[in-house]
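**Q** So the protein sequences, as listed, match chains A and B. Add 63 to a position in the first sequence, counting from 1, and you land on the number used in this note's numbering. Add 63 to a position in the second sequence, counting from 1, and you land on the number used in this note's numbering. The beta carbon of each residue, even a glycine, is placed where N, CA and C say it ideally should be. Pasting a structure below so you can have a look.
Protein chains: 2
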Amino acid sequence: MGGMTTDTDADAGAVRRPARGRPRAFDRDAALAAATLLFWRRGYEATSVGDLTEAMGIRPGSLYAAFGDKKALFKEAVAAYGRSPVGAFVAVALEEEPTARGAFARILREAAAIYPDPSHPAGCLTICAATNVTVQDEEVGAFLRDLRNANLVTFEARLRAAQDEGELPADADPKALAAYFAAIIQGMSQRSRDGATAAELAATADLALAAWPA
Amino acid sequence: MGGMTTDTDADAGAVRRPARGRPRAFDRDAALAAATLLFWRRGYEATSVGDLTEAMGIRPGSLYAAFGDKKALFKEAVAAYGRSPVGAFVAVALEEEPTARGAFARILREAAAIYPDPSHPAGCLTICAATNVTVQDEEVGAFLRDLRNANLVTFEARLRAAQDEGELPADADPKALAAYFAAIIQGMSQRSRDGATAAELAATADLALAAWPA
DNA sequence: CCTTTTCTTGAGTGGTTGCTCAACAAATAC
DNA sequence: GTATTTGTTGAGCAACCACTCAAGAAAAGG
């Protein structure tokens, strides 16, 4: 997801050859991280460009030169969030856990610990940052909705694989289970935004796991 | 919740004596219903006063004369939503069902049918209409958050009563169960907004009920 | 009839929104 | 050195935001 139109870090990891013109006076990654936190806390439209420039410590012109526009900055923020531990724990659990049951148990328990963690805004950015958008920003809402629905497909694929391997009984419904876990995770994100504690969410996670087919 | 500052329907149910001045040229209830639909679909801040006046078929002056301001109109819309079948089904189920298990089973199954119903915006207004708000509208966000958390307390009270009556085993945790059902309901609302069908949500509801203590 | 009360209308308020641009600054290329 | 390239700056753009108000209109009271 790197290589935005106005960006210059196309070959990440390569030695950063000094660019030709005047060098950027601010840390692009740090500014993006600040923007991510703001979008995460307030959401896309409730965060103004003025809020962003203030938090990023730059002037509007620098923001538009470095990131394109507000929408592109948001998409980069979502990508940065997805690379962070908080945004990647679901994918990591699915990859690392040998069993589907182990993966979903870990996902729910980690969500219970991570979502209410006070070191960052509560809940999941992908779930909550663009739920209320005006007509002209519907694209942003659809962007996150597609990410959420893609997650659902990933869940279903993992569960279907578990069924093929015999971990899940033949009469289980992978699609229904995937939708159920997606709903629980989204509900836990919301509850954490409403003030739910890690302990409360851990109890919710344990109860949710009771739905796993016997 | 009637009797707003600028309203004249203080004694509801009484014969509507013709008021003294020029009569209102529009149907206040119909206008409020139109506003409710708009807030429900887009959320508080993503709905502009211009959107509202257009949908309500009135000019800004009439809106402010009849409802106060945008914030007061929103609170009236939330109250109207709460009086509607869609907004009241949770309370109705808790009141009508003799057992707690029956009540929560009915709540989840009705949510699965109601939330994706195409005759109105998807999901629950209380859950989704003010998740992304600017700093100056934080009060509106807190208003809905308090409603959601009050619902949680109601759930817990019903479950505790069930435990006292022996319906729930002594080792069950009413608070944890209440939080779990709240999370599932909020998750189902979100899923319906993301396009989940009634069938998918019904399956989610059935899986969720597996958490009920044996 | 005239007065009083209330509602509607249309123009318009100051403030904020996302965004732009000319001028200037700081680097490399030659 | 000069030319070229890119970033920063501060002023400022049109569009929209929630909201207001004077003038006129439609009712009841007397």
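If we ignore side chains and look at the alpha-carbon of each, how far apart do LEU210/A and ARG146/B end up?
**A** Rounded to whole angstroms, LEU210/A to ARG146/B spans 35 Å at the Cα level.
**Q** Round the Cβ separation of LEU126/A and THR116/A to the nearest angstrom and send it over; I've been treating them as touching at under 8 Å.
**A** Yes, they are in contact, since the Cβ atoms of LEU126/A and THR116/A sit about 6 Å apart, within 8 Å.
**Q** Quick check: what's the CA-CA separation for GLU219/A versus MET251/B?
**A** GLU219/A and MET251/B: Cα-Cα distance of roughly 17 Å.
**Q** Please report how far the alpha carbon of TRP275/A lies from the alpha carbon of ALA262/A, in whole angstroms.
**A** Rounded to whole angstroms, TRP275/A to ALA262/A spans 21 Å at the Cα level.
**Q** When the Cβ atoms of the stretch 184-192 of chain A are set against those of the stretch 225-235 of chain A, are three or more pairs found closer than 8 Å?
**A** Output reads no: the stretch 225-235 of chain A does not touch the stretch 184-192 of chain A.
**Q** In the DSSP assignment, find the unbroken alpha helix (DSSP H) run with SER252/A in it and report its ends.
**A** Here the alpha helix (DSSP H) through SER252/A covers 237-256.
**Q** Got a sec, what are the start and stop residues for the alpha helix (DSSP H) GLN8/B sits in?
**A** Residue numbering for chain B in the displayed model covers 64 to 277; residue 8/B lies beyond these limits and cannot be assessed.
**Q** Would you verify that the beta carbon of ALA77/A is, or is not, closer than 9 Å to some beta carbon of chain B?
**A** The predicted position of ALA77/A is uncertain, since its pLDDT is 42 and thus under 50; no value can be drawn from it.
**Q** Please confirm whether GLY270/B has its beta-carbon closer than 9 Å to some beta-carbon of chain A.
**A** Strictly speaking, residue 270/B in this sequence is Leu, with Gly absent from that position. Yes, LEU270/B counts as interfacial toward chain A.
**Q** At a cut of 8 Å, does the stretch 79-93 of chain B reach the stretch 244-260 of chain A through at least three beta carbon pairs?
**A** Touching, no, given that fewer than three Cβ pairs across the two stretches are closer than 8 Å.
**Q** What does a CB cutoff of less than 6 Å around GLY150/A pick up in its chain, not counting 5 residues either side in sequence?
**A** Only TYR144 meet the Cβ criterion.
**Q** Shorter than 9 Å from the beta carbon of GLN249/B to some beta carbon of chain A?
**A** Taking Cβ atoms only, chain A reaches closer than 9 Å to GLN249/B, which makes this a yes.
**Q** ARG122/A to GLY204/B, Cα distance in whole Å?
**A** When rounded, the distance between both Cα atoms is 30 Å.
**Q** My output table needs one value for TYR178/B: the three-state DSSP class, helix, strand or coil.
**A** The answer is coil: DSSP assigns TYR178/B none of H, G, I, E or B.
**Q** Are there 16 or more other CB atoms within 10 angstroms of the CB of VAL112/B, so buried, or fewer, so exposed?
**A** With fewer than 16 Cβ atoms within 10 Å of its Cβ, VAL112/B is classed as exposed.
**Q** Between the Cα of THR194/B and those of ALA235/A, THR267/A, TRP103/A, ALA129/A, spot the shortest distance and give me the residue it belongs to.
**A** Here the closest residue by C-alpha is TRP103/A.
**Q** In chain order, what residues of the same chain have a beta carbon less than 7 Å from the beta carbon of VAL196/A, not counting five sequence neighbours either side?
**A** Contacts found: TYR107, GLU108, VAL203, GLY204.
**Q** Within the 9 Å Cβ cut-off, does LYS138/B reach chain A?
**A** Chain A contact via Cβ: absent.
**Q** Does GLN199/B pass the burial test, meaning 16 or more other C-beta atoms within 10 Å, or should it be called exposed?
**A** Looking at its Cβ environment, which holds fewer than 16 other Cβ atoms inside 10 Å, GLN199/B is exposed.
**Q** For GLY66/A, does the count of other Cβ atoms within 10 angstroms reach 16, so buried, or fall short, so exposed?
**A** Per-residue confidence for GLY66/A stands at a pLDDT of 33, beneath the threshold of 50, marking its modelled position as unreliable; no derived number is given.
**Q** From the DSSP output, in three-state form, read off ILE121/B for me.
**A** ILE121/B: coil per DSSP, three-state reduction.
**Q** Check whether chain B comes within 9 Å of ASP180/A, counting only Cβ atoms and requiring the distance to be less than that.
**A** Taking Cβ atoms only, chain B never reaches closer than 9 Å to ASP180/A, which makes this a no.
**Q** So which residues on chain B does LEU240/A lean against when the C-beta distance must stay under 8 Å?
**A** Chain B residues near LEU240/A: LEU270.
**Q** Taking C-beta pairs closer than 7 Å, name the residues in chain B that CYS191/A reaches, listed in chain order.
**A** Going along chain B in sequence order, the residues near CYS191/A (Cβ under 7 Å) are THR194.
**Q** So which residues of chain B does GLN226/A contact, with C-beta pairs closer than 7 Å?
**A** Those do not exist, as GLN226/A stays about 15 Å from chain B at its closest Cβ, beyond 7 Å.
**Q** Just to confirm the assignment, what range does the alpha helix (DSSP H) spanning LEU95/B have?
**A** Per DSSP, LEU95/B belongs to the alpha helix (DSSP H) from 91-105.
**Q** Does chain B have any CB closer than 9 Å to the CB of ALA73/A?
**A** Only weak support is given to the placement of ALA73/A: the predicted model assigns it a pLDDT of 38, under 50, and the value that follows is read from those uncertain coordinates. Closer than 9 Å: no.
**Q** Any beta-carbon of chain A closer than 9 Å to the one on ASP236/B?
**A** ASP236/B counts as touching chain A.
**Q** What distance in whole Å lies between the Cβ atoms of ARG105/B and LEU157/B, which are believed to be in contact at a cut-off of 8 Å?
**A** So it is not a contact: roughly 29 Å between Cβ atoms.
**Q** Between PHE130/A and ALA192/A, is the Cβ-Cβ spacing less than 9 Å?
**A** For PHE130/A and ALA192/A, no; Cβs fall outside 9 Å.
**Q** Measuring only the C-alpha atoms, how far is ALA153/B from GLU160/A?
**A** According to the sequence displayed, residue 153/B carries Val and not Ala. So the alpha carbons of these two residues sit roughly 38 Å apart.
**Q** Counting only runs of 3+ residues fully inside the stretch 134-163 of chain B, write out the beta strand (DSSP E) ranges in chain order.
**A** For the stretch 134-163 of chain B, not a single whole beta strand (DSSP E) run of length 3 or above is found.
**Q** At 8 Å on the CB atoms, spell out the chain B contacts of TYR243/A, in chain order.
**A** ALA266, THR267, LEU270, ALA271, listed in chain order.
**Q** Any residues in the stretch 194-213 of chain B with a beta carbon nearer than 7 Å to a beta carbon of chain A? Which ones, in chain order?
**A** Taking 7 Å as the Cβ-Cβ cut-off against chain A, the residues of the stretch 194-213 of chain B that qualify are THR194, ASN195, VAL196, THR197, ARG208, ARG211, ASN212.
**Q** Confirm, please, whether the CB-CB distance from LEU240/A to LEU270/B is below 9 Å.
**A** Yes, they are a contact pair.
**Q** Looking at the structure shown, is ALA88/B part of a helix, part of a strand, or coil, going by DSSP?
**A** Here ALA88/B sits in coil by DSSP.
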